[in-house]
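Right, one structure below, let's go through it.
In the working numbering, the protein residues as written are 450 to 610.
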């Protein structure tokens, strides 16, 4: 596991390592101001909110479920549960998120977690040639294509709204 340095938090180092280990480019950018929401990130990056990829952790039968959703989308958990043929999907608590990702709510990245998490990828994100996602903390984001994001996360494509 990468060690935190004075300037780069451990969660961001874990994300950077996951990117390069998977063969993806390390495109992490760190900002002075926090970008904990899709709207804040879009403003700083100068892109559409819909091109921001929110990494949302839910709880499904006691296990984490990561849904990579457009910043412009509100995840319909009943629809997702129906597609998965499963029971109720609940929004995870901040402690549950931290336990399973090693990252705090508002800074969760699609990869770089202690263990592989089942991941779903919002198909509406395909409309954007460049996506931006959290990079492990509240100040960092990285860019990636939909195809590359699907590859490095082994996500199941799904309509989430």
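All C-beta atoms, glycine included, are put in the ideal place defined by N, C-alpha and C.
Following the DSSP letters along the chain, one finds residue 467 inside the alpha helix (DSSP H) bounded by residues 459-470.
Secondary structure of residue 571 (DSSP, three-state): strand. When C-alpha distances from residue 521 are compared across 491, 542, 495, 475, the shortest belongs to 491.
Bridge pairing for residue 591: 582 [DSSP].
DSSP, reduced to helix, strand and coil, places residue 518 within a strand of the structure shown. Between the alpha carbons of residue 476 and residue 462 lies a distance of about 12 Å. The straight-line gap separating the alpha-carbon atoms of residue 503 and residue 524 is approximately 10 Å. In this structure, DSSP gives residue 480 a state outside helix and strand, which the three-state scheme calls coil.
Cβ-Cβ separation between residue 586 and residue 519: approximately 21 Å, too far for a contact (criterion under 8 Å). Taking a cut-off of 8 Å on C-beta distances, the region 506-514 does not touch the region 478-495, as fewer than three cross pairs fall below it.
Taking a contact as a CB-CB distance under 8 Å, the pair residue 529 and residue 607 counts as one, their CB atoms being some 7 Å apart.
Beta-bridge partners assigned by DSSP to residue 507: 514, 540.
Excluding the 5 residues flanking it on each side, residue 558 has same chain C-beta neighbours closer than 7 Å at 464, 504, 552, 582, 583, 584, 585, in chain order. Annotated as proximal: residue 550 and residue 562, with beta-carbon spacing under 7 Å. In chain order, 553, 554 place their CB closer than 8 Å to the CB of residue 543, counting only its own chain and leaving out the 5 sequence neighbours on each side.
If you draw a straight line from the Cα of residue 541 to the Cα of residue 600, it comes to about 25 Å.
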